[in-house]
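Residue 269 in the numbering used here sits at position 195 of the sequence shown; the count goes up by one each step and never skips.
Every residue gets a Cβ at the ideal spot worked out from N, C-alpha and C, and that includes glycine.
Please read all numbers here as calculations on a predicted model, not as lab measurements.
Notes follow once the structure below has been shown.
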Amino acid sequence: MREEQNLVCETPICDFVCNYNKSGAVRLHMPGHKGRDILGVEALDITEIAGADSLYEAEGIIARSEKNASALFGSAQTFYSTEGSSQCIRAMLFLALMRFKEQYGGKLPTRTHPIVVAARNAHKAFLMAAALLDFDIVWLWDEREDTGQGEDLTLCRCMISKEKLDGILSSFPGSVMAVYLTSPDYLGGILDIRSLAEVTHRYGTLLLVDNAHGAYLHFLANPLHPLDLGADLCCDSAHKTLPVLTGGAYLHISGAVSKMAVYARQALALFGSTSPSYLILQSLDLANRYLMDGYPYHLERCVKRLDALREELRSLGWFLEGDEVLKLTIATAKSGYYGEEFAAYLRAEGIECEYADPDFVVLMFTPENGEEDFERLCFLIKKMSVREAICRRPPTFLPPRRMLSVREAVFSSYEILPTKDAVGRVMGPAAYHCPPAVPIVVSGEEICPDAVQALLYYGVGKVGVVR
75 MREEQNLVCE TPICDFVCNY NKSGAVRLHM PGHKGRDILG VEALDITEIA GADSLYEAEG
135 IIARSEKNAS ALFGSAQTFY STEGSSQCIR AMLFLALMRF KEQYGGKLPT RTHPIVVAAR
195 NAHKAFLMAA ALLDFDIVWL WDEREDTGQG EDLTLCRCMI SKEKLDGILS SFPGSVMAVY
255 LTSPDYLGGI LDIRSLAEVT HRYGTLLLVD NAHGAYLHFL ANPLHPLDLG ADLCCDSAHK
315 TLPVLTGGAY LHISGAVSKM AVYARQALAL FGSTSPSYLI LQSLDLANRY LMDGYPYHLE
375 RCVKRLDALR EELRSLGWFL EGDEVLKLTI ATAKSGYYGE EFAAYLRAEG IECEYADPDF
435 VVLMFTPENG EEDFERLCFL IKKMSVREAI CRRPPTFLPP RRMLSVREAV FSSYEILPTK
495 DAVGRVMGPA AYHCPPAVPI VVSGEEICPD AVQALLYYGV GKVGVVR
């Protein structure tokens with residue numbers, strides 16, 4: 075155990091850069107700032123010089139650091155991204171497509187077009203991957219709420235049951251290259267990954283999880299990370315919940331599909347810059363030590379403090395949403411306030427929230443938030459009184475009709491129209507995610523009158539439509 079801890083506590087990337095900076099070497103290489111302070115971080119900002127390794131051909135210090143991360147997360151192999159989960163999402167789908175093609179000897183027969191069964195609350199990067207890799211999407215919509223018409227949709231969540239997934243997979247035998255889920259979602263909802271993984275694997279396909287908001291889940295007392303629950307491929311935005319610079323992310327490959335790791339660097343390189351940030355790589359490297367150095371203890375304390383805050387707010391009559399332990403999602407409309415109004419009040423008092431729309435405010439915490447942050451927020455909310463609920467509900471609508479594939483729409487010429495004038499048109503390249511990560515209409519779908527009302531409700535005044 076001691077040897078394993080020593081391995082994980084290494085910071086080979088940071089050590090190399092620090093030693094290089096101390097060496098006083100004349101920098102006749104990129105970047106152009108030559109290590110001279112402008113922002114104050116330039117001395118540690120380098121490029122792929124001798125000994126610095128190369129992210130997409132890593133065999134040295136980067137590979138060692140990634141091995142440490144793999145040990146921490148319990149993956150077969152973990153790879154770094156300096157371009158966030160967006161890069162990892164595209165890479166996961168590329169890997170799934172490669173595996174799907176291998177089932178047909180490396181080339182798809184003309185009668186078979188790959189399908190990804192995806193929960194509708196997918197990030198825009200997923201849509202862009204569909205355009206670039208040319209796969210079809212079968213959408214899974216939220217099942218929890220029924221307005222009486224059976225098929226109407228709500229836009230706040232996308233909770234999927236194993237029965238629903240089973241029914242969809244049974245309808246497309248041999249054509250599904252992957253199931254793609256987002257959990258946790260932006261408002262703090264968490265899917266039953268374990269049961270959904272069991273269904274997915276029963277049909278011989280892969281489970282891919284966008285875990286951008288849940289890098290910390292493996293370090294809970296009862297781990298809830300998708301890898302712990304049966305996901306095959308998973309991405310984490312380290313920067314969202316860990317002390318990592320913006321853009322730092324992980325691509326995890328589980329032991330069940332460890333052979334896919336051979337293609338992972340190629341997949342990441344396909345969608346990534348050839349100039350990855352060494353500042354971000356150093357922050358990912360240091361995060362390994364941070365996660366080993368008492369992080370589970372500090373995480374547990376933060377979770378308990380947030381639980382106490384939730385209990386106090388509920389006792390005052392506030393309505394809360396979500397299951398994610400590091401998110402405080404206030405259902406402001408149910409509590410008598412528009413979300414934007416509530417967020418503006420907090421902002422005026424020196425607190426910036428993660429997200430606000432007409433119905434919700436999302437506040438994200440980590441162990442880096444001190445007790446004073448909790449006390450300040452609680453004090454400000456106590457100054458407000460819960461009011462009579464705003465009696466309206468977000469617009470609902472039927473699933474949009476697909477007129478073109480995502481690829482056809484994204485690569486079509488388009489024009490920008492006022493949303494109110496876009497009825498009957500086909501959505502072009504832009505995918506509008508409102509509320510967050512739940513697109514009302516995606517590229518290639520028809521914009522119906524109800525969808526227009528939903529777009530306007532969330533403040534989307536213009537849309538791009540295929541000419």
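C-alpha distance - residue i paired with residue j, whole-angstrom precision
i, j, result
"H197", "F485", "19 Å"
"L420", "V436", "12 Å"
"V273", "G158", "29 Å"
"P105", "T440", "33 Å"
"G329", "L307", "10 Å"
"P247", "N93", "56 Å"
"Q527", "P469", "7 Å"
"I404", "L394", "5 Å"
"S257", "L529", "24 Å"
"Y277", "L243", "7 Å"
"M334", "K141", "16 Å"
"Y254", "A99", "47 Å"
"Q223", "L298", "Low confidence applies here, because Q223 scores a pLDDT of 38, under 50, leaving its location unreliable; read the following figure in that light. Using only the alpha carbons, I get a separation of about 35 Å."
"M458", "R173", "54 Å"
"L169", "A295", "31 Å"
"P523", "K536", "14 Å"
"S245", "R467", "33 Å"
"R475", "E423", "45 Å"
"M477", "Q151", "40 Å"
"S97", "A117", "11 Å"
"L451", "Y364", "27 Å"
"V336", "G125", "23 Å"
"C83", "A145", "11 Å"
"T221", "L383", "Interpretation of T221 is limited by its pLDDT of 39, a score under 50 that renders its predicted location unreliable; no figure is taken from the coordinates."
"V534", "R164", "26 Å"
"E27", "A341", "Past the boundaries of the shown model lies residue 27; the chain is included only from 75 to 541, so the question cannot be answered."
"E219", "L360", "Any reading at E219 needs caution, since the residue's pLDDT is 49, under 50, leaving its predicted position unreliable; the model's value is listed next. Cα-Cα distance, rounded: 44 Å."
"L344", "C162", "11 Å"
Residue i - DSSP class collapsed to helix/strand/coil
i, result
"V377", "helix"
"V564", "This structure does not reach residue 564, given that the chain is present from 75 up to 541, and the question cannot be answered."
"E78", "Note that E78 scores 45 on pLDDT, short of 50, meaning its location in the model is unreliable; the coordinates nonetheless yield the value given after this. Helix."
"T256", "strand"
"P469", "coil"
"C308", "strand"
"K27", "The displayed coordinates of the chain run from 75 to 541. Any statement about residue 27 would go beyond what the structure contains."
"F209", "coil"
"E225", "Note on E225: pLDDT 40, under 50, position unreliable in the model; no value is reported."
"L390", "coil"
"L182", "coil"
"V283", "strand"
"M166", "helix"
"V484", "helix"
"M458", "coil"
"M366", "helix"
Option nearest residue i by Cα separation, candidates the options
i, options, result
"I455", "E445, P441, S409", "S409"
"D397", "D266, C88, Y154", "D266"
"A199", "A511, Y130, V212", "A511"
"G538", "G148, P523, I211, P503", "P503"
"P513", "E462, N195, I163, E84", "N195"
"D89", "L301, Y352, L280", "Y352"
"S311", "G413, L325, L303, L301", "L325"
"G321", "A286, I327, Y337, G413", "A286"
"C465", "F448, L472, D433, Y488", "D433"
"L358", "G346, G413, L129", "L129"
"V318", "A192, A289, E414, D127", "A289"
"L102", "L303, I120, L239", "I120"
"G346", "A137, R110, I87, S155", "S155"
"P350", "L390, V399, A132, A525", "A132"
"L291", "R138, L373, R388, D127", "L373"
"T348", "I490, E122, V115", "E122"
"S249", "G413, F209, C162", "F209"
Cβ distance (whole Å) where residue i is taken to contact residue j below 8 Å
i, j, result
"C309", "M166", "6 Å"
"A252", "V190", "5 Å"
"R481", "A204", "7 Å"
"V540", "I521", "Contact flag wrong, Cβ pair sits at about 10 Å."
"L280", "V331", "7 Å"
C-beta neighbour in chain D for residue i, strict 7 Å
i, result
"I327", "Structure shown: chain D not included; a single protein chain is present."
Residues sharing a beta bridge with residue i, DSSP
i, result
"F153", "L325"
"R476", "E519"
"E489", "V539"
"F434", "A405"
"L214", "A193"
"E395", "T403"
"M233", "M233 pairs with nothing; no bridge assigned."
Residue i Cβ short of 6 Å to the ligand ZN heavy atom set
i, result
"N93", "As far as ligands go, the structure on display features none, and thus does not contain the ligand ZN."
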